[in-house]
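Presented below is the structure to which this report refers.
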Amino acid sequence: MKLYLLGLTLLAALVEAFPASTNSTIQKRATPKLVFAHFIVGIVDGYTQADWANDIALAAATGIDAFALNIGTDSWTDTQLALAYAAARSTSFKLFISFDFAASPGFSDFSNQIVPRLNLYASDAAQLQWGNGALVSTFTGDGFDWSPVRSAVGHPLEIIPFYQAALAHQDSTDGLFMWNAWPSQNNQPINQTMSIAGDQFYQSQLAGSPYMAGVSPWFFTHYDPQTFNKNWLYLSDTLLIDRWNQILNLQPQLVELITWNDFGESHYIGPLHPERPSVYAPSGDSDGAIQWAAGFPHDAWRKIITPYIAAYKNGGPVTISASQENIVYWYRPHPKGLSCADPFLGPPTGQSFPADGIWAATLLASPATLTITSGTFSLTTTAPAGINYFATGMGSGQPTFKLVRNGVTITQGTGGLSIDLNSCNIYNFNAFVGSTK
-16 MKLYLLGLTL
-6 LAALVEAFPA
4 STNSTIQKRA
14 TPKLVFAHFI
24 VGIVDGYTQA
34 DWANDIALAA
44 ATGIDAFALN
54 IGTDSWTDTQ
64 LALAYAAARS
74 TSFKLFISFD
84 FAASPGFSDF
94 SNQIVPRLNL
104 YASDAAQLQW
114 GNGALVSTFT
124 GDGFDWSPVR
134 SAVGHPLEII
144 PFYQAALAHQ
154 DSTDGLFMWN
164 AWPSQNNQPI
174 NQTMSIAGDQ
184 FYQSQLAGSP
194 YMAGVSPWFF
204 THYDPQTFNK
214 NWLYLSDTLL
224 IDRWNQILNL
234 QPQLVELITW
244 NDFGESHYIG
254 PLHPERPSVY
264 APSGDSDGAI
274 QWAAGFPHDA
284 WRKIITPYIA
294 AYKNGGPVTI
304 SASQENIVYW
314 YRPHPKGLSC
324 ADPFLGPPTG
334 QSFPADGIWA
344 ATLLASPATL
354 TITSGTFSLT
364 TTAPAGINYF
374 ATGMGSGQPT
384 FKLVRNGVTI
394 TQGTGGLSID
404 LNSCNIYNFN
414 AFVGSTK
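As C-alpha cells, then:
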C-alpha cells in the first residue's frame, strides 16, 4: 500500500462524529505558533540527503517550521527517516513523525513499529520539541492508547493526532489535528466553500488544549477503479486564500499545510520532480498521478503562503513589502464540461462545482491596476494593498497578467500553460500555478 494513495481518503463527518467533551489531565500552556507541511515519505524511496536538504531549504524560506513526516511500513521508511533527520540537523528546520494508521494498520503493534522510531528520534537535534515534548502526530488511528508508548519512550512526548471518529479529547493525547481542509460532507464533495464549523467544534471541545488546523490549496484525484478507485475533486477555486483568512481569525495553536508533496491528490506545494518519475507512481502504474501532476507546478502558491504565515505568527494583518509585489495565478487546462478522450475514467465526482476561470492573486504594498486577459475575456480592476484575488473567464490559449501603478508597469507575464477549449486527453482538474516574477 502506498501512503500517497491511502493517506487522504478517510475524511469523516467530523462535527457529527464527535460526542461531548471528556475530562482531561492536559493543561493549557504558553507555546509558540508554528506551521508545518505534511510530507509523504511513502513516495520518496529514491531521495538522497541532498534532495531532503533542497526541500528543507525551500520550506524554511517559505516560513514553514517543520515537516510532518507521514510514514507507513514501506521498506525504505527508515532509510529515508535517517536521511531526513541528517539533512535537518545542520539547519534550524525541524521534523516530526506522523504515523499513517490508514496505510499501515500494523502501527497498532506499537512495540515494534512506533516505540523504536520514537526512541531513535524523539531527542534528536532535528526533532521538533513543542509543548510537553517531542511532537508526534498521526493520520487516523482512532482510539489508539498512547499511554504505553509514553511509558516505553525515554523522552517526553506531545501527541496531537488526527482522529476520524473518536472522542474529541482523551487522556492519552495532548490535543487534536483536524485533517479536513476541503469543503465536504460525509466524505463527499459539496458545492460550497470551506466552513469553519469543524474548527470551531474542535476548539470548543479541546477547551484551550492544542488544536492543529489543516490548510490546503486544492484537491483532485483521478485513479482507475481497478487500481485505487479515487476519482473526485473538492471545490478549491479560491480555497488557499479563503482558508488562510479563516486561520487568521481562528488563531489555532498550530497549522499544518496539506501537503508538501502529495501529487496523487493535487494539493502539493513543493517542487515537481521530473527527474524522478517514481514520486508520481512508485509502483509504476501508467495511470498514476504523472498524468495530472507532471507539468503542473504549484511552487508559486508558496509566495502567497509566506506572508500569511508571517501574519498568523504575528497575530496581525497580511502585509506585503515592495520586494514581494507580484501576481500569482492559477487555472485548469480545459473547461469543466468538456468530454475527454480518457482511456481510464469518466469525469470526476464534483465536476460541475468549479468555475471555468482564470484566477490571479495580487500581492501589493499599495493599490495598483490589474489586467487579466484570457482569449476573448478580459478584466481590468483596481487591486488594493495586501493579498486579494480576482477572476475572469477561461479563454483559449495562454492568459496574460499585468500590474500597473501610476502609469508604470510593476510586473507582467504570460501563463505557462495553453488552455484547450475543444479537446483533452484526460479529465485533468489540477491547477497550473505560476507567477509573474
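Those letters in the sequence shown? Residues -16 to 420, per my numbering, in order.
Glycine residues also receive a C-beta, built at the ideal position from the N, C-alpha and C atoms.
Buried or exposed, going by whether 16 or more other CB atoms sit within 10 Å of the CB of residue i?
i: V391; result: exposed
i: P139; result: exposed
i: E258; result: exposed
i: F63; result: Sequence check: residue 63 is Gln here, not Phe. Its Cβ being crowded by 16 or more others within 10 Å, Q63 is buried.
i: G191; result: exposed
i: P290; result: buried
i: S87; result: buried
i: R100; result: buried
i: N389; result: exposed
i: Q168; result: exposed
i: P367; result: exposed
i: Q188; result: buried
i: Q234; result: exposed
i: G158; result: buried
i: P300; result: exposed
i: Q186; result: buried
i: G298; result: exposed
i: N6; result: The predicted position of N6 is uncertain, since its pLDDT is 31 and thus under 50; no value can be drawn from it.
i: A305; result: exposed
i: Q147; result: buried
i: S335; result: exposed
i: A20; result: buried
Provide the residue span of the alpha helix (DSSP H) that contains residue i, from first to last.
i: Q395; result: That residue, Q395, is in no alpha helix (DSSP H); its beta strand (DSSP E) goes 391 to 397.
i: S91; result: First-last for S91: undefined, no H or E at that position.
i: N232; result: 222 to 233
i: K421; result: The requested residue 421 is not part of the displayed model; the chain covers only -16 to 420.
i: I273; result: 273 to 276
Got a sec, what are the start and stop residues for the beta strand (DSSP E) residue i sits in?
i: L386; result: 383 to 388
i: W59; result: Here W59 belongs to no beta strand (DSSP E), and DSSP marks it neither H nor E.
i: S306; result: Taken as a continuous stretch (DSSP letters only), S306 belongs to no beta strand (DSSP E), as it is neither H nor E.
i: I341; result: 340 to 347
i: Y410; result: Taken as a continuous stretch (DSSP letters only), Y410 belongs to no beta strand (DSSP E), as it is neither H nor E.
i: V262; result: No beta strand (DSSP E) contains V262, which DSSP labels as neither H nor E.
i: W243; result: Premise fails: W243 is in no beta strand (DSSP E) and is neither H nor E.
i: A351; result: 351 to 357
i: K213; result: 213 to 216
i: T365; result: 360 to 366
i: A374; result: 369 to 376
i: G417; result: 415 to 418
Excluding sequence positions up to five away, which residues of its chain have a Cβ less than 7 Å from the Cβ of residue i?
i: L223; result: P200, W284, I287
i: L231; result: A294, Y295
i: P260; result: I273
i: W129; result: I142, S155, T156
i: T397; result: Q381, T383
Between which residues of its own chain and residue i is the CB-CB distance below 6 Å, once the five residues before and five after are set aside?
i: T356; result: T383
i: A414; result: W201, W313
i: K420; result: N309, T394
i: F360; result: T375, G376, G378
i: C407; result: H317, L321, C323
i: S249; result: W201, F203, N413
i: T279; result: The sequence shown places Phe at residue 279, rather than the Thr named in the question. So the qualifying residues of the chain are N413, F415.
i: W227; result: Y291
i: L(-14); result: Because L(-14) carries a pLDDT of 37, less than 50, the predicted location of this residue cannot be relied on, and the following value inherits that uncertainty. Excluding residues within five positions, the ones whose Cβ falls inside 6 Å are I23, G25, N53, G55, D83, A86.
i: S349; result: A368
i: D57; result: G25
i: T302; result: none
i: V311; result: A283, K286, I287, A344, S418
i: N371; result: T345
i: Y16; result: With the sequence shown as reference, residue 16 is identified as Lys, and Tyr is not the correct amino acid for it. K296.
Among residues of its own chain, excluding the 5 on either side of residue i, which ones have a beta-carbon nearer than 8 Å to its beta-carbon?
i: Y251; result: T242, W243, N244, D245, A276, H281
i: A43; result: T74, S75, F76
i: T14; result: W113, G114, P193, Q236
i: P337; result: L216, L218, S219, D220, R315, K319, F412
i: V98; result: V132, A135, V136
Using 7 Å as the cut-off, classify the Cβ of residue i as near or not near the heavy atoms of the ligand GDP, replying yes or no.
i: Y206; result: As for the ligand GDP, it is missing from this structure, which has no ligand bound.
Segments of 4+ residues assigned as alpha helix (DSSP H) that fall wholly inside the region 129 to 199:
130 to 135, 180 to 189
Check whether the region 169 to 188 and the region 108 to 127 are in contact - that is, three or more C-beta pairs closer than 8 Å.
no
Which runs of the alpha helix (DSSP H) spanning at least 4 residues fall entirely within the region 77 to 127, listed in chain order?
93 to 96, 98 to 104
Which runs of the alpha helix (DSSP H), 4 residues or longer, sit entirely within the region 7 to 52?
Counting only runs of at least 4 residues, the region 7 to 52 fully encloses the following alpha helix (DSSP H) elements, listed from N- to C-terminal order: 32 to 45.
Kindly confirm or deny that the region 84 to 93 and the region 37 to 51 touch, where touching means at least three C-beta pairs closer than 8 Å.
no
Evaluate contact between the region 202 to 218 and the region 314 to 331, counting only Cβ atoms and requiring at least three cross-stretch pairs below 8 Å.
These segments touch.
At least three beta-carbon pairs within less than 8 Å, the region 38 to 49 to the region 71 to 89
Proximity of the region 38 to 49 to the region 71 to 89 meets the contact definition, three or more beta-carbon pairs being nearer than 8 Å.
Stretch pair the region 339 to 348 + the region 370 to 380: three plus CB contacts closer than 8 Å
yes
Decide yes or no for the touch test of the region 157 to 166 against the region 232 to 241: beta carbon pairs closer than 8 Å, at least 3 of them.
yes
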